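Heads up, the thing below is written out as structure tokens.
Protein chains: 2
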Amino acid sequence: MTELISAVEAHDIRFPTSRHLDGSDAMNPEPDYSAAYVIVRTSGGQEGHGLAFTVGRGNELAVAAVRSLAPLVTGRPAAEVLADLGGVSRRLTGDSQLRWLGPEKGVIHMAAGAVLNALWDLRARRAGKPLWRLLSDLPPEEIVDVVDFRYLEDALTPGEALALLRRAEPGRAGRLERLLAEGYPAYTTTPGWLGYTDDKLVRLAKEAVADGFRQIKLKVGADRAADARRVRLAREAVGPGVRIAVDANQAWNVGQAIEWLAPLAEFDLYWIEEPTSPDDVLGHAAIRRQVAPIKVATGEHTHNRVMFKQFLQAEAIDILQLDAARVAGVNENIAVLLLAAKFGVPVCPHAGGVGLCEMVQHLSMFDYVAVSGTTEDRVIEYIDHLHEHFTDPVVIRDGRYVPPARPGGGAEMRPASRAAYAYPHGPRWTASAAAGGTGKERP
Amino acid sequence: MTELISAVEAHDIRFPTSRHLDGSDAMNPEPDYSAAYVIVRTSGGQEGHGLAFTVGRGNELAVAAVRSLAPLVTGRPAAEVLADLGGVSRRLTGDSQLRWLGPEKGVIHMAAGAVLNALWDLRARRAGKPLWRLLSDLPPEEIVDVVDFRYLEDALTPGEALALLRRAEPGRAGRLERLLAEGYPAYTTTPGWLGYTDDKLVRLAKEAVADGFRQIKLKVGADRAADARRVRLAREAVGPGVRIAVDANQAWNVGQAIEWLAPLAEFDLYWIEEPTSPDDVLGHAAIRRQVAPIKVATGEHTHNRVMFKQFLQAEAIDILQLDAARVAGVNENIAVLLLAAKFGVPVCPHAGGVGLCEMVQHLSMFDYVAVSGTTEDRVIEYIDHLHEHFTDPVVIRDGRYVPPARPGGGAEMRPASRAAYAYPHGPRWTASAAAGGTGKERP
Numbered sequence: 005m006t007e008l009i010s011a012v013e014a015h016d017i018r019f020p021t022s023r024h025l026d027g028s029d030a031m032n033p034e035p036d037y038s039a040a041y042v043i044v045r046t047s048g049g050q051e052g053h054g055l056a057f058t059v060g061r062g063n064e065l066a067v068a069a070v071r072s073l074a075p076l077v078t079g080r081p082a083a084e085v086l087a088d089l090g091g092v093s094r095r096l097t098g099d100s101q102l103r104w105l106g107p108e109k110g111v112i113h114m115a116a117g118a119v120l121n122a123l124w125d126l127r128a129r130r131a132g133k134p135l136w137r138l139l140s141d142l143p144p145e146e147i148v149d150v151v152d153f154r155y156l157e158d159a160l161t162p163g164e165a166l167a168l169l170r171r172a173e174p175g176r177a178g179r180l181e182r183l184l185a186e187g188y189p190a191y192t193t194t195p196g197w198l199g200y201t202d203d204k205l206v207r208l209a210k211e212a213v214a215d216g217f218r219q220i221k222l223k224v225g226a227d228r229a230a231d232a233r234r235v236r237l238a239r240e241a242v243g244p245g246v247r248i249a250v251d252a253n254q255a256w257n258v259g260q261a262i263e264w265l266a267p268l269a270e271f272d273l274y275w276i277e278e279p280t281s282p283d284d285v286l287g288h289a290a291i292r293r294q295v296a297p298i299k300v301a302t303g304e305h306t307h308n309r310v311m312f313k314q315f316l317q318a319e320a321i322d323i324l325q326l327d328a329a330r331v332a333g334v335n336e337n338i339a340v341l342l343l344a345a346k347f348g349v350p351v352c353p354h355a356g357g358v359g360l361c362e363m364v365q366h367l368s369m370f371d372y373v374a375v376s377g378t379t380e381d382r383v384i385e386y387i388d389h390l391h392e393h394f395t396d397p398v399v400i401r402d403g404r405y406v407p408p409a410r411p412g413g414g415a416e417m418r419p420a421s422r423a424a425y426a427y428p429h430g431p432r433w434t435a436s437a438a439a440g441g442t443g444k445e446r447p
Numbered sequence: 005m006t007e008l009i010s011a012v013e014a015h016d017i018r019f020p021t022s023r024h025l026d027g028s029d030a031m032n033p034e035p036d037y038s039a040a041y042v043i044v045r046t047s048g049g050q051e052g053h054g055l056a057f058t059v060g061r062g063n064e065l066a067v068a069a070v071r072s073l074a075p076l077v078t079g080r081p082a083a084e085v086l087a088d089l090g091g092v093s094r095r096l097t098g099d100s101q102l103r104w105l106g107p108e109k110g111v112i113h114m115a116a117g118a119v120l121n122a123l124w125d126l127r128a129r130r131a132g133k134p135l136w137r138l139l140s141d142l143p144p145e146e147i148v149d150v151v152d153f154r155y156l157e158d159a160l161t162p163g164e165a166l167a168l169l170r171r172a173e174p175g176r177a178g179r180l181e182r183l184l185a186e187g188y189p190a191y192t193t194t195p196g197w198l199g200y201t202d203d204k205l206v207r208l209a210k211e212a213v214a215d216g217f218r219q220i221k222l223k224v225g226a227d228r229a230a231d232a233r234r235v236r237l238a239r240e241a242v243g244p245g246v247r248i249a250v251d252a253n254q255a256w257n258v259g260q261a262i263e264w265l266a267p268l269a270e271f272d273l274y275w276i277e278e279p280t281s282p283d284d285v286l287g288h289a290a291i292r293r294q295v296a297p298i299k300v301a302t303g304e305h306t307h308n309r310v311m312f313k314q315f316l317q318a319e320a321i322d323i324l325q326l327d328a329a330r331v332a333g334v335n336e337n338i339a340v341l342l343l344a345a346k347f348g349v350p351v352c353p354h355a356g357g358v359g360l361c362e363m364v365q366h367l368s369m370f371d372y373v374a375v376s377g378t379t380e381d382r383v384i385e386y387i388d389h390l391h392e393h394f395t396d397p398v399v400i401r402d403g404r405y406v407p408p409a410r411p412g413g414g415a416e417m418r419p420a421s422r423a424a425y426a427y428p429h430g431p432r433w434t435a436s437a438a439a440g441g442t443g444k445e446r447p
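From first to last, the protein sequence lines stand for chains A and B. Mapped onto this note's numbering, the consecutive letters of the first sequence carry residue numbers 5 to 447. Mapped onto this note's numbering, the consecutive letters of the second sequence carry residue numbers 5 to 447.
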């Protein structure tokens, strides 16, 4: 009997992180890190796991969106679906009625990404490989085939993408060995949350350097005086040889960004992240021209490949921060990696959240082995939150990600955690409703 | 006792329009025109009506998003809410957890627009005025106050907006009289749906001219030969003095748009609408440079004011097509009208759908009376679908919109229609499930 995709389940999982101000920044003062968690099941008993990351309220909408997309995949032969993930991607993002809700943006697009990531996870498990290895072993033609080049061809054609990938082929084996031996560079945002005291910031910044990190990141944008003080403390704590990035989480308009950054420049900032609206390509370009040599970085809220294309065309960014769970999954992220390689812009993924470190490392490692072929000026974000809930948590050694060896894409959450943090009826929510968290009324 | 906002209800209303191919275009072959329909209720028994328009599947997500936003408004004093719709707008679009789902785009943003439009409807009813009149009578300071200028200030400051509005004040009374006497120019898309036969196209095009329309619009982008034939037939039918716009509904990439339009130029096309991805500001600019004198128009999928700002800054469009139900309601549309006035680009709203004609006419009439001060090269789209379901359906006379006189914003649907087309349990759906429509499985 043909094995079918028998179910696409969506689960609402939330962690009450707002209680400790982990993850606090200028725009997200009290997030409850959450996931619209997807399990794709086959009639043969196999599973694939994926998720869309949110910060609390609204996670129910991402869950509902997965359920709205589920009929586009459910009931189809598993082998056929997994052999044509390019076609599945186009079906999920191109449904003629559902695409009105985007197109290719917001809740419906994040949900498409979660489903696609679960399918890639399933495919990697069936191949017995970690996702980064599965992708790195694919022939260039198949990589090009999973990408939707619609609206990209003025910047990157399938032929150019193929040439890029072929150019990287000769060195694959050597880079694979080096990756396994040395890992992939990371930076840490752990010291820099806005809700932390100065003492905690200094202590965590020193620990980061001691742990081998060569870059840390601080949240800024809520208070000018506090930012200057915190950046100075951080620079004193880490010394001159460690990069300090700052992240405004969209707090400013174009003029404010330029003004706010001027007095911080003396502390040798490496990049400014999300200085303004994530939709404002031209605004980022204007900021970049004014704040150099501070680099401009964005991407965690960039909703699709068409926006990334424009950030690159407009020379609006120095650093491209793709996100495993914002765009339409592995497929669209491959498009973004190819665009970045074409334009010569380094990709430094957004991570943290729920499972983003576990997922996004696969994309960077694939990029190194098979696309850009370099880790020069490339770092994956690392935040030490919530990894204990995953079956294959990231391993950081000397400030570098150790390549995962277990089959799959990294998103699988431990069943006990899924049960405990199920919202709103899991025991971690019912037992502590009085302690606050995402369900409460806004003031 | 203080009158409160006692409820924000959301209803799933769908019309099985796919059965007759009304509304068929290159990207929407079989839409079921739908609304996430909002009723705001007060403890005093008053109601405000608004909606988010969708094309079928996925309407349930817009409905769910309204429910997720409802607690931000429910339970507050009605007078206080209605006196500070700027503050309410910022609360709905800026909730620190919900904004992660956008920010300011997709389902959550459309839902915010539906709630805001319902609140404006309520405010207009309480004032006993049609919305266009309410807005036209507001002092410039109050208009500026309802706009969120965040991320706009590199293009338009509150001070500049105030100056624009003050400049328009002296002529308000005269334009008001002229509007009441002459109405507002319209164009019609009724002849041009892709699913129609050539005979039907020609017949409807001739009827449009006979009815007084000076512009029609045809859908293109599915078949090159058919497009050339249909545009020729339309030009022969309407004669040289009537404008013909074409609408590709995002069918092309940048190069395709330029190639596809070249052989159509001989038929004296007025504008090309949505030639490519609605996110592609730079792509529209490139197309515009190549296809002049054909004008480039877009906006019905432009998700917020930051995108409109860039379309204007990049000189990417000749015609700005705002939509009553895509962005965050009246508030954000006022921002867009102000931006367009600053850049001197005419606004020709998108309409059709479910209730969009009824809603958007208020914005254009307000623009004429109090913002741009002109109807030169401005037309509101008109499509003769589904008006019978509204309590105050648009009135078109000699190809012009007659200003509505009844209090409110135009979105109120007749209770009998709401009951009949409730999805999935209304009688029009339960009685005809076998006839197809949005609920069916995709092939």
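We put the CB at the ideal spot given by N, CA and C, even for glycine. Note that the structure is a prediction, hence the values are computed from the model and not measured.
- Taking the Cα of Ile323 (chain B) as reference, the smallest distance to any Cα among B:Arg382, B:Glu362, B:Leu268 is reached at B:Arg382.
- If you draw a straight line from the Cα of Gly259 (chain B) to the Cα of Asn253 (chain B), it comes to about 16 Å.
- A distance below 7 Å between beta-carbons, with the five flanking residues on each side excluded, links Arg182 (chain B) to no residue of its chain.
- Segment contact: the region 29-38 of chain A against the region 395-414 of chain A, fewer than three CB-CB distances shorter than 8 Å; contact not assigned.
- Of all residues in the region 57-69 of chain B, those with a C-beta nearer than 9 Å to a C-beta of chain A are Phe57, Thr58, Val59, Gly60, Arg61, Gly62, Asn63, Glu64, Leu65, Ala66, Ala68, Ala69, reading in chain order.
- Measuring C-alpha to C-alpha distances from Thr194 (chain A) to each of A:Val399, A:Lys204, A:His429 identifies A:Lys204 as the nearest.
- In summary, the residues of the region 150-173 of chain A whose CB is separated from some CB of chain B by less than 7 Å are Arg154, Tyr155, Glu157, Asp158, in the order they occur in the chain.
- The residues Thr97, Asn308, in chain order, have a CB closer than 6 Å to that of Glu108 (chain A) in the same chain once the five nearest residues on each side in sequence are set aside.
- Taking a Cβ-Cβ cut-off of 9 Å, the neighbours of Asn308 (chain B) in chain A comprise Ser281, Asp283, given in sequence order.
- At least one C-beta of chain B is nearer than 8 Å to the C-beta of Ile112 (chain A).
- Rounded to the nearest angstrom, the gap between the Cα atoms of Glu211 (chain A) and Val358 (chain A) is 23 Å.
- About 3 Å separates the beta carbon of Gln325 (chain A) from that of Gly303 (chain A), a gap short enough to meet the 8 Å contact definition.
- Straight across, the Cα-Cα distance linking Leu360 (chain A) with Phe394 (chain A) is about 11 Å.
- The region 159-173 of chain B and the region 112-127 of chain B do not touch, with fewer than 3 CB-CB distances between them shorter than 8 Å.
- Here the C-alpha atom of Asp125 (chain A) lies approximately 20 Å from the C-alpha atom of Ile112 (chain A).
- Taking 8 Å as the cut-off, the Cβ atoms of Ser28 (chain B) and Leu156 (chain B) do not count as close.
- In summary, Gly333 (chain B) is buried, with 16 or more beta-carbon neighbours lying within 10 Å of its beta-carbon over all protein chains present.
- Under the 10 Å beta carbon count, Asp152 (chain B) is surrounded by 16 or more other beta carbons and is classified as buried.
- In the three-state reduction of the DSSP assignment, Trp256 (chain A) falls in the coil class.
- Within 9 Å of the CB of Glu34 (chain B), the CB atoms of chain A belong to Ser100, Gln101, in sequence order along the chain.
- Rounded to whole angstroms, Asp396 (chain B) and Glu362 (chain B) show a C-alpha spacing of 8 Å.
- Taking C-beta separations shorter than 6 Å and ignoring five residues to either side along the sequence, the partners of Leu86 (chain A) in its chain run Arg127, following chain order.
- Counting only Cβ-Cβ distances below 7 Å, Met311 (chain A) has contacts in chain B at Asp283, in chain order.
- In this structure, DSSP gives His113 (chain A) a helical state, which the three-state scheme calls helix.
- For Met417 (chain B), the pairing in a beta bridge is given by DSSP as B:Phe394.
- Leu135 (chain A) is positioned such that its CB atom lies closer than 8 Å to that of His366 (chain A).
- Think of a sphere of 8 Å around the beta carbon of Val358 (chain B): no beta carbon from chain A falls inside it, the nearest being about 12 Å out.
- Using beta-carbon distances, Ser72 (chain B) counts as an interface residue toward chain A, with a partner under 8 Å.
- Taking C-alpha positions only, Arg330 (chain A) is separated from Pro297 (chain A) by approximately 29 Å.
- For Pro431 (chain A), the uninterrupted alpha helix (DSSP H) run begins and ends at 431-434, by DSSP.
- Inclusion of Ala423 (chain A) and Gly430 (chain A) in the CB contact set at 8 Å is warranted, their separation being smaller than that value.
- When beta bridges are read from the DSSP output, Ile9 (chain B) appears opposite B:Thr46.
- The Cβ atoms of Leu89 (chain B) and Val44 (chain B) lie no closer than 8 Å to each other.
- With respect to Leu222 (chain A), Arg234 (chain A) sits close: the two C-beta atoms are nearer than 8 Å.
- In the assembly as shown, Glu416 (chain B) is a buried residue. Its beta-carbon has 16 or more other beta-carbons within 10 Å.
- When beta bridges are read from the DSSP output, Trp275 (chain B) appears opposite B:Lys299.
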